[in-house]
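Asker: Handing you a structure now.
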Amino acid sequence: MNEIAPMEQFSEKPVVEACARAPVGLLAELTHRCPLQCPYCSNPLELDRVNSELTTEQWQDVMRQAAELGILQIHLSGGEPTVRKDLEDIVEVAAKAGLYTNLITAGVTLTRDRLKRLKELGLDHVQLSIQDVDDANAEKISAYKNGLAKKREVGKWVRELEMPLTINAPIHRLNIENLPNIIDFAVEMGAGRIEVANIQYYAWALKNRAALMPTRAQVLKSAEIVEEAKQRLKGVMVFDFVVPDYYAKTPKPCMGGWGRGVMNVTPQGRVLPCHASESVPGLVFDNVKDRRLADIWLNGQAFQKYRGTSWMKEPCRSCPRAELDFGGCRCQAMAFTGDAANTDPACKLSPYHEAFVAAAERESAEATPPPFIYRRMSPTKATPTG
Amino acid sequence: MTTDATRTRVMVVPASKPALPPHIKLRHDPGRGRWHVLAPERVFEPDPIAIEILKRCNGATSVEEIATELAKDYNAPLQEILADTISMLQELSDKGVIKAA
């Protein structure tokens, strides 16, 4: 059976060609508000303000349009999606439209009653993130007190309500040594699935790279741990292992190819080919307030710009992997080489590859990493309503 | 926790009565003209045989009964179909797509 995994933006599997005309998944960033301040947050450095967020009706319309467009799965994310009081109203419409609904949550603002209600309204799956299974370390990473205890409680509710649970564990220098315990925690919580997700260095994580980057030896060890656990827990828990591409030789097929299977809607309604794509200059991001989702997907400038392979330069253009990894990640190419059309520096064929690897090796070898720059709303620059 | 008792790998045998758990959805997608299995952060595209097997995973029909029906429909030897069905369902069970009680 073929498997297409819309959210597995880093998987090595080739993407199924027949689905290229309609996206499979939509990441709905309902809000950028979050009680946690994790230094590797995937949200942009410039966060959308609460008063600029789409309204309930606008999000509901996005859900209906998504189903019409052929999207199969909706990932309700943020920020922390449960800080929106109308999450129930959005889930209800999404489920009624026939979408498979996935809640991506840190859990700390959830109550059992709310979760029960969400289930009744059709929520299909809960993905709960953890920072670490060590209380003090979890607190240090998230800048949030007693988060882990709350997450244990949420995990228990999810299972009591007989909902499927995924534990999402972002992995980095500060918790990589705890990986065996993190895996045990997920089993104990009754999770059917775990994401061992090495941090991908964009936005906040890129800002904090020197504080987060594990050593190559640590990464290799973690891969062994995952492989052993995968075998041991076959039929009990499914593993998704996201490798850190700084130590890779070939780039990840970011988003399964630009504008190919996934789209992202920001709290303000901007529609992006990936959550980090606002870091690429020269792209025009349409807003769901102005244009239909299907039109944006098919014709939007930002989606067309790096779709397919015709935009490629060498070494991508003649590369046999061009349609496997699509030249990797445009945002990483932009951040590291200054040109988003260059091959991803994670690729060994990139002239920037050596410097890219050297940066990871140098930073991870520092005995004392720099302090975290926590993810916060900037106090001075208010974003105008968009 | 309610799930502790089930936290071991389930082996699919001829007498197993497989079912799709509520959060796994076998759906026909009219836009793409094909069937999908929707699972947590996964979409599977079952081939025609897998679709026939999955449609029969109702928690009441045994693997042996499913294989017998398919052997008849496809005019194929039962033992071969049974072995293929078990191996497919084992793989799906390991991925959490079916529950084989």
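Protein chains in written order, with our numbering: chain L, 1 to 386; chain R, 1001 to 1101.
No residue lacks a Cβ here, since even glycine has one placed at the ideal position from N, Cα and C.
Got a sec, what are the start and stop residues for the alpha helix (DSSP H) L/His-353 sits in?
Answerer: 353 to 365
Asker: How about L/Cys-163 and L/Val-126: are their beta carbons less than 8 angstroms apart?
Answerer: Residue 163 of chain L is actually Met in this sequence, not Cys. Against a cut-off of 8 angstroms, the Cβ pair of L/Val-126 and L/Met-163 comes out as a contact.
Asker: Got a sec: which bits of the stretch 60 to 78 of chain L sit with their beta carbon under 8 angstroms from any beta carbon on chain R, in order along the chain?
Answerer: Gly-70, Leu-72, Gln-73, His-75
Asker: Can you check whether the CB of L/Leu-121 is closer than 8 angstroms to the CB of L/Val-437?
Answerer: As displayed, chain L neither begins before 1 nor continues past 386, which places residue 437 of chain L out of reach and without an answer.
Asker: In angstroms, rounded to a whole number, what distance separates the CA positions of L/Gly-308 and L/Gly-25?
Answerer: 18 angstroms
Asker: Just the Cα atoms here: how many angstroms apart are R/Lys-1017 and L/Met-312?
Answerer: 51 angstroms
Asker: So for R/Leu-1020, helix, strand or coil by DSSP?
Answerer: coil
Asker: Quick check on R/Pro-1018 - is its C-beta less than 8 angstroms from some C-beta in chain L?
Answerer: no
Asker: Go ahead and label L/Ile-141 buried or exposed: buried means 16 or more other beta carbons lie within 10 angstroms of its beta carbon, across all protein chains shown.
Answerer: buried
Asker: Measure the C-alpha to C-alpha separation of L/Arg-270 and L/Glu-57 and round it to an integer number of angstroms.
Answerer: 16 angstroms
Asker: With distance defined between alpha-carbon atoms, name the residue in L/Leu-174, L/Leu-349, L/Thr-111, L/Val-226 nearest to L/Glu-139.
Answerer: Closest in alpha carbon position to L/Glu-139, among L/Leu-174, L/Leu-349, L/Thr-111, L/Val-226, is L/Leu-174.
Asker: If you measure beta-carbon to beta-carbon, which residues of the stretch 1017 to 1043 of chain R are closer than 9 angstroms to chain L?
Answerer: Pro-1021, Pro-1022, His-1023, Ile-1024, Lys-1025, Arg-1027, Asp-1029, Gly-1031, Arg-1032, Arg-1034, His-1036, Val-1037, Leu-1038, Ala-1039, Pro-1040, Glu-1041, Arg-1042, Val-1043
Asker: My understanding is that L/Val-219 touches L/Pro-244, with C-beta atoms under 8 angstroms, so please give their C-beta distance in whole angstroms.
Answerer: 6 angstroms
Asker: For L/Val-154 versus L/Leu-110, is the C-beta distance shorter than 8 angstroms?
Answerer: yes
Asker: Against chain R, which members of the stretch 84 to 107 of chain L pass a CB distance test of less than 7 angstroms?
Answerer: Listed by position, the residues of the stretch 84 to 107 of chain L near chain R (Cβ gap below 7 angstroms) are Tyr-100, Asn-102.
Asker: Show which residues of chain L have a CB atom less than 7 angstroms away from the CB atom of R/Ser-1087.
Answerer: What R/Ser-1087 touches in chain L: nothing, since even the nearest Cβ is about 12 angstroms away.
Asker: Taking 8 angstroms as the threshold (beta carbon to beta carbon), is L/Phe-372 in contact with chain R?
Answerer: For L/Phe-372, the closest Cβ of chain R is not nearer than 8 angstroms.
Asker: Grab the span of the alpha helix (DSSP H) containing L/Trp-204 for me, first residue to last.
Answerer: Where L/Trp-204 is concerned, the enclosing alpha helix (DSSP H) stretches over 203 to 207.
Asker: Please report the residue range of the beta strand (DSSP E) in which R/Trp-1035 lies.
Answerer: 1034 to 1039
Asker: Are L/Asp-325 and L/Pro-253 touching if we call contact CB-CB under 8 angstroms?
Answerer: yes
Asker: Using the Cα positions of L/Arg-49 and L/Gln-268, report the straight-line distance between them to the nearest angstrom.
Answerer: 9 angstroms
Asker: Any idea what DSSP makes of L/Val-284, helix, strand or coil?
Answerer: Looking at L/Val-284 - three-state DSSP - the assignment turns out to be coil, as it is neither helix nor strand.
Asker: For L/Thr-266, count the other beta carbons within 10 Å of its own beta carbon; 16 or more makes it buried, fewer makes it exposed. Which is it?
Answerer: buried
Asker: Roughly how many whole angstroms lie between the Cα atoms of L/Phe-372 and L/Asp-89?
Answerer: 36 angstroms
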